[in-house]
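**Student:** The structure under discussion is supplied below as structure tokens; questions concerning it will follow.
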């Protein structure tokens, strides 16, 4: 598909007072990444929740949207800080360090999505933390929940000799365009995006809901678009949905996928609500066709302005970029240097983050960048100061790899240290694996990935050797164990690892040692772990691990572990106990029905404005009808009535009119909106659509006011109510149905 956004053609019907403009650029008031009002909104939400006005579902959906994530430990929260594209100004780094020092406990955690996580924050103090971050323009908005998550990019976006464009800037511009958009606040499930600067695809498009890969075709610069990928319990490779789009089409690409997600994904079963399940449902070709159709519909509406990117000709030597983490000292395409700081497991203290920022500022770095490998790079250093920078970083207690050396590329999720559904302590286990890999010949060239549960936050599906924590009984008692995965590669579309045997957690380091030994001859011959594992097959892998998987107890004794230790996880002292079956994953947090329909109604009103701008009369009325219907669903759901996204608006209007019959101001507003729509549809182009738009906005505002009213319990005597409008009586009557 070869796509370029072009101005709309003149519609057949003219719209009064709305000239068709020469460009399709539509310029709403830009949203800043951070707003102090977000902290105030969270304070008010917490007050409403504690007062009983909000249930758990509403509070959870709201706080997750603001980057506030529940922990395993009661009374405290994790806060996730977004760093779009990994571009980290020094002031942001200092603000995160200061916030962690003042409000949190324990280390700062760098994530595989180039964000920061702060832990053990008392719930009452979270709004103050958000306020402090916002003062430095740092945002947590949409860092969690069923939202458009942080946009990630290549580890060395902006400096890599192989790139066509700075993928980090692409990600940052998309994030800026879509933050707080009502379309992406309450989606059926989270939506993860990444951008790669070249076909090597260091951004890992294949495991994302949206992956953009910069390319050049016949002298034209643009992107290949992949969609519908993901890992978790059912890993699925992304499919190509567009062979080539120009850069100004990117906002429409994202919008089209978000609208497909809202329209078709499963809102009931959270375990089957990611975009990847639409690929499974419609097939790769069917999903691509859906995307192409939705993309054309979206392109017919004006788009937000898109600042033009700075493209360049790749200057790399044509060689293959290393498959593992790029660490140590890296020469940029402009001759300057990046220095990579590699904190173990992505953990560093507030003082250490402050130190990195200070070193970068003092020695003239352009800025910092976070990477998908949980590292931080000082970007744009003069080669003359590199030795000084490395020495200062190491003096702060942080590692920088030596030239020509390597370290195991290990990623581990927090596991049971903080996660509510964590099964194993992935970080403590990770330290054990680091020791094994460092000691083994060839171990430092491997990508090791550990997840403490099936959700795959540690990316176990895309490592050379991946480990997934599970609970499985030994001698009739639950024990921590790991299923091993082999041959994954997130830089290949479809590079999902093959599942292997399960071993007790205490024996898993020995399992890695045996696997590295078995792979060593193939490694020397230049064979990848993936090729080696596929050639052996599952039986061959099990043969290598036979000493560990045939007899747990004997294997434990032979490898220095006692029988009792089989039931104790790494990093723990107590007997292992899996999380309760009824514990719900925060990452699969539900949505609040009222917030969902408010968002959809607001999004429809935005589309009305877009189509008014472009002079598209029929589209104005169609989007307006949808928005009015969503607002009506809010009123119905408020009283416990059945609601549905696809219920025809006329039916919703009729139901509202019957249930709220005594609320005369409400019904008068609805009637005025419907009358203005009818007049516009029969006016043959002469209708005042501005008047319709105002009546629609008044309907949405009136619904919002009604939804803020308290609902009086059914056992309250209607005659005793001070209710001049009759609205409360109507609410009680409706609620009894």
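In this note's numbering, the protein residues as written are 111 to 847. Here a beta-carbon is modelled for each residue, glycine too, at the ideal position from N, C-alpha and C.
#1: Thinking just about the alpha-carbon of each residue, which of 349, 377, 630 and 293 is nearest to the one in residue 317?
#2: For residue 227, count neighbouring Cβ atoms within 10 angstroms of its own Cβ and tell me buried if that reaches 16, exposed if not.
#3: When DSSP labels each residue in this structure, what does residue 301 get in the three-state scheme?
#4: Please report the straight-line C-alpha distance between residue 472 and residue 202, rounded to a whole angstrom.
#5: By a C-beta neighbour count over all protein chains shown, 10 Å radius and 16 as the cutoff for buried, is residue 774 buried or exposed?
#6: Is it true that the region 615-626 meets the region 569-579, where meeting means three or more beta-carbon pairs spaced less than 8 angstroms apart?
#7: Near residue 870, which residues of its chain fall below 8 angstroms by C-beta distance, leaving aside the five closest residues on each side in sequence?
#8: Give every residue of the same chain whose Cβ lies closer than 7 angstroms to the Cβ of residue 239, excluding the five residues on either side of it in the sequence, and list them in chain order.
#9: Please classify residue 188: does DSSP put it in a helix, a strand, or coil?
#10: Spatial neighbours of residue 517 within its chain, please: CB distance less than 7 angstroms, with the 5 preceding and 5 following residues excluded, ordered by chain position.
#11: Could you give the distance in angstroms between the alpha-carbon of residue 692 and the alpha-carbon of residue 167?
#12: Restricting to Cα atoms, I'd like to know which of 632, 778, 816 and 487 is closest to residue 264.
#13: State the DSSP-derived secondary structure class of residue 160, mapped to helix, strand or coil.
#14: Among the residues of its own chain, which have a CB less than 7 angstroms from the CB of residue 477, if the five just before and after it don't count?
#15: Just verifying my parser: in three-state terms, what is the DSSP assignment at residue 818?
#16: Once DSSP output is grouped into helix, strand and coil, what is the label at residue 554?
#17: On the criterion of 16 or more Cβ atoms from any shown chain inside 10 Å, does residue 788 qualify as buried, or is it exposed?
#18: Leaving out five residues on either side along the sequence, give the residues of the same chain with a beta carbon under 6 angstroms from the beta carbon of residue 590.
#19: With three or more beta-carbon pairs closer than 8 angstroms as the criterion, would you say the region 252-268 touches the region 298-305?
#20: Please state whether DSSP places residue 488 in a helix, a strand or coil.
#21: Does the region 446-460 come close enough to the region 333-340 to have 3 or more Cβ pairs within less than 8 angstroms?
#22: Skipping 5 residues on each side, what residues in its chain have a beta carbon closer than 6 angstroms to that of residue 173?
#23: What first and last residue would you give for the beta strand (DSSP E) that runs through residue 521?
#24: Only counting the same chain, and skipping five residues up and downstream in sequence, which positions put a Cβ closer than 7 angstroms to that of residue 557?
#25: Would you list the one or two residues that DSSP bridges to residue 336?
#26: Taking the alpha-carbon positions, what's the residue 292 to residue 712 distance?
#27: Are the Cβ atoms of residue 526 and residue 229 separated by less than 7 angstroms?
#28: Look at the alpha carbon of residue 689 and the alpha carbon of residue 561, and state the distance between them as a whole number of angstroms.
#29: Secondary structure at residue 199, three-state DSSP: helix, strand or coil?
#30: Would you check if the distance between the CB atom of residue 496 and the CB atom of residue 447 is smaller than 7 angstroms?
#31: Looking at C-alpha atoms only, which residue of 310, 745 and 631 is the closest neighbour of residue 603?
#32: Beta carbon of residue 659, beta carbon of residue 610: below 7 angstroms?
#33: Is residue 597 closer than 7 angstroms to residue 546 when the C-beta atoms are compared?
#34: Output the boundary residues of the alpha helix (DSSP H) element that contains residue 730.
#35: Taking the alpha-carbon of residue 103 as reference, which of 508, 664 and 389 has the nearest alpha-carbon?
#36: Return the CA-CA distance between residue 195 and residue 224, expressed in angstroms with no decimal places.
**Tutor:** Quick answer:
#1: One-based indexing of the chain shown puts residue 317 at position 207. Closest option to residue 317, Cα to Cα, is 349.
#2: Along the chain shown, one-based indexing puts residue 227 at 117. Residue 227 comes out buried.
#3: For the purposes of this step, residue 301 is identified with residue 191 of the chain shown, where counting begins at 1. Here residue 301 sits in strand by DSSP.
#4: Residue 472 sits at position 362 when you count from the first residue of the chain shown. Residue 202 sits at position 92 when you count from the first residue of the chain shown. Using only the alpha carbons, I get a separation of about 16 angstroms.
#5: Residue 774 sits at position 664 when you count from the first residue of the chain shown. Exposed, by the Cβ-count rule.
#6: yes
#7: The chain is shown only over 111 to 847; residue 870 falls outside these bounds and no answer can be derived.
#8: Locating residue 239 in the chain shown gives position 129, where the first residue counts as 1. Once the five neighbours on either side are set aside, the close Cβ partners of residue 239 are 189, 209, 213 and 231.
#9: In the chain shown, residue 188 corresponds to position 78, counting from 1. If DSSP states are grouped into helix, strand and coil, residue 188 belongs with the strands.
#10: Here residue 517 corresponds to residue number 407 of the chain shown, with the count starting at 1. The residues are 437, 452, 511 and 554.
#11: For the purposes of this step, residue 692 is taken as residue 582 along the chain shown, with counting starting at 1. For the purposes of this step, residue 167 is taken as residue 57 along the chain shown, with counting starting at 1. Those two C-alpha atoms are separated by around 15 angstroms.
#12: Counting from 1 along the chain shown, the entry for residue 264 is found at position 154. Of the candidates 632, 778, 816 and 487, the one whose C-alpha sits nearest the C-alpha of residue 264 is 487.
#13: Locating residue 160 in the chain shown gives position 50, counting from the first residue. Three-state result, residue 160: helix.
#14: Here residue 477 refers to the residue found at position 367 when the chain shown is read from its first residue. Excluding positions up to five away in sequence, the list reads 197, 198, 199, 200 and 489.
#15: Locating residue 818 in the chain shown gives position 708, counting from the first residue. Here residue 818 sits in coil by DSSP.
#16: As a working mapping, residue 554 is identified with position 444 in the chain shown. Looking at residue 554 - three-state DSSP - the assignment turns out to be helix.
#17: For this step, residue 788 is matched to residue 678 along the chain shown. Exposed, since its Cβ has fewer than 16 Cβ neighbours within 10 Å.
#18: As a working note, residue 590 is residue 480 in the chain shown. Answer for residue 590: 534, 615, 679 and 686, listed in chain order.
#19: yes
#20: Along the chain shown, read from residue 1 onward, the residue named residue 488 stands at position 378. The answer is strand: DSSP assigns residue 488 an E or B state.
#21: no
#22: For the purposes of this step, residue 173 is identified with residue 63 of the chain shown, where counting begins at 1. Around residue 173: no qualifying Cβ.
#23: By one-based count along the chain shown, residue 521 stands at place 411. 519-522 is the extent of the beta strand (DSSP E) around residue 521.
#24: Here residue 557 corresponds to residue number 447 of the chain shown, with the count starting at 1. Around residue 557: 434, 519, 573 and 574.
#25: Reading the chain shown from its first residue, position 226 is the one you call residue 336. DSSP, once it has assigned bridges, lists 321 and 350 as partnering residue 336.
#26: On the chain shown, residue 292 is found 182 positions in, with the first residue counted as 1. On the chain shown, residue 712 is found 602 positions in, with the first residue counted as 1. If I take the Cα positions, the gap works out to 6 angstroms.
#27: Taking the chain shown and counting its residues from 1, one reaches residue 526 at position 416. Taking the chain shown and counting its residues from 1, one reaches residue 229 at position 119. Cβ atoms of residue 526 and residue 229: not closer than 7 angstroms.
#28: Numbered from 1 along the chain shown, position 579 holds the residue referred to as residue 689. Numbered from 1 along the chain shown, position 451 holds the residue referred to as residue 561. About 15 angstroms.
#29: Counting from 1 along the chain shown, the entry for residue 199 is found at position 89. If DSSP states are grouped into helix, strand and coil, residue 199 belongs with coil.
#30: Counting from one through the chain shown, the residue named residue 496 turns up at place 386. Counting from one through the chain shown, the residue named residue 447 turns up at place 337. Yes.
#31: Taking the first residue of the chain shown as position 1, residue 603 is located at position 493. Minimum Cα distance to residue 603 is reached at 310.
#32: Locating residue 659 in the chain shown gives position 549, counting from the first residue. Locating residue 610 in the chain shown gives position 500, counting from the first residue. No, these two residues do not count as a Cβ contact at 7 angstroms.
#33: Translated into the one-based positions of the chain shown, residue 546 becomes position 436. Translated into the one-based positions of the chain shown, residue 597 becomes position 487. Cβ atoms of residue 546 and residue 597: not closer than 7 angstroms.
#34: For the purposes of this step, residue 730 is identified with residue 620 of the chain shown, where counting begins at 1. 727-748 is the extent of the alpha helix (DSSP H) around residue 730.
#35: No answer is possible for residue 103: the residues shown for the chain start at 111 and end at 847.
#36: In the chain shown, counting from the first residue as 1, residue 195 sits at position 85. In the chain shown, counting from the first residue as 1, residue 224 sits at position 114. Approximately 7 angstroms between the Cα atoms of the pair.
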